[in-house]
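Visitor: So in the working numbering, spot 119 of the sequence shown is number 257, and the numbers just go up one at a time.
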Amino acid sequence: MERKKLPKHVVCDVEKRRIHLNGPIISITPLLIKRAFDKLISISAVPTQLLISSEGGDYYATLKIFYYISKVIDEKKVIVDTVVVDYAASGAALLSQAGKKKFAYEGATIKFHSAIRPFFEKERYNARMHMEAALKLFRIDAAQLLIFSYDGRPISKIFQLFDEEAEITAEEAKKYKLIDEIIKPLN
139 MERKKLPKHV VCDVEKRRIH LNGPIISITP LLIKRAFDKL ISISAVPTQL
189 LISSEGGDYY ATLKIFYYIS KVIDEKKVIV DTVVVDYAAS GAALLSQAGK
239 KKFAYEGATI KFHSAIRPFF EKERYNARMH MEAALKLFRI DAAQLLIFSY
289 DGRPISKIFQ LFDEEAEITA EEAKKYKLID EIIKPLN
């Protein structure tokens with residue numbers, strides 16, 4: 139029987155205590171992230187970083203990862219910091235908020251947008267189906283806005299970022315308290 143190859147968009151660097159998320163967040167991503175954390179935690183409970191370079195992806199997978207990181211911090215007592223390496227959009231931007239401390243490299247960007255899904259997934263679409271889809275999108279937006287506007291961040295500005303589907307710099311993210319520090323790359 140042929141073994142199915144797992145995607146390589148989650149890489150665990152045991153020596154540096156880093157987990158790299160490089161690429162889209164898909165249904166398998168939470169399992170890969172969990173395995174990486176479990177591997178690192180089995181070795182020791184010292185601080186760990188989640189490095190993010192992703193356009194986002196599946197919202198439910200994103201929430202699973204977000205809550206798993208919270209569990210690692212709260213229950214396993216492992217400090218997890220998040221680092222936006224170059225680009226974090228959508229769900230990846232949301233994951234950047236899961237860390238105990240939040241960082242972004244100088245020149246990194248963070249992109250916001252309201253929840254989206256393909257409009258015509260089926261050949262036939264009635265009013266009830268439209269309303270159910272809209273309700274799901276509203277719930278996702280509400281959860282995103284709650285997470286992003288937590289802890290003294292400017293709520294009206296966070297709403298504006300979503301309304302404008304804004305892409306902000308690391309400097310702007312620090313100004314809005316979405317990150318704690320900017321990392322200058324070593325030359």
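By construction, the Cβ of each residue, glycine as well, lies at the ideal position given by its N, Cα and C atoms.
Tell me whether the segment 269-280 and the segment 222-232 touch, counting them as touching only if at least three CB pairs, one residue from each stretch, are closer than 8 Å.
Guide: no
Visitor: Following the continuous beta strand (DSSP E) through D151, name the residue where it begins and the one where it ends.
Guide: Boundaries of the beta strand (DSSP E) harbouring D151: V148 to D151, taken from the DSSP string.
Visitor: Please state the DSSP three-state secondary structure of S228.
Guide: coil
Visitor: Within 10 angstroms of the Cβ of P145, are there 16 or more other Cβ atoms? Answer buried if so, exposed if not.
Guide: Residue environment analysis places P145 among the exposed positions, since fewer than 16 neighbouring C-beta atoms fall within 10 angstroms of its C-beta.
Visitor: Can you give me the C-alpha to C-alpha distance between T247 and S234, rounded to a whole angstrom?
Guide: Approximately 12 Å, taken between the alpha carbons.
Visitor: Could you tell me the boundaries of the alpha helix (DSSP H) in which Q282 lies?
Guide: A265 to F286
Visitor: Between Y243 and H268, what straight-line distance do the alpha-carbon atoms span, to the nearest angstrom?
Guide: Cα to Cα, Y243 sits roughly 40 Å from H268.
Visitor: Whose C-beta lies closer than 6 Å to the C-beta of K322 among residues of the same chain, with five residues either side of it excluded?
Guide: E244
Visitor: With burial defined as no fewer than 16 other Cβ atoms inside 10 Å of the residue's Cβ, what is the status of G290: buried or exposed?
Guide: Here G290 is exposed. Its C-beta has fewer than 16 other C-beta atoms within 10 Å.
Visitor: Taking the C-alpha atoms as reference points, what is the distance between H158 and I164?
Guide: 15 Å
Visitor: Tell me where the alpha helix (DSSP H) around A311 begins and ends.
Guide: From DSSP, the alpha helix (DSSP H) with A311 extends over A308 to K313.
Visitor: Starting from the C-beta of K239, find all residues in its chain whose C-beta is less than 6 Å away, skip the five residues before and the five after it, and write them out in chain order.
Guide: D219 and D318
Visitor: Reducing DSSP to helix, strand and coil, say where Q298 ends up.
Guide: helix
Visitor: Determine the burial state of P185: buried for a count of at least 16 other Cβ atoms within 10 Å of its Cβ, exposed for fewer.
Guide: So P185 counts as exposed.
Visitor: Could you compute how far the alpha carbon of L273 sits from the alpha carbon of I203?
Guide: 23 Å
Visitor: Buried or exposed: S192, going by 16 or more other Cβ atoms within 10 Å of its Cβ?
Guide: buried
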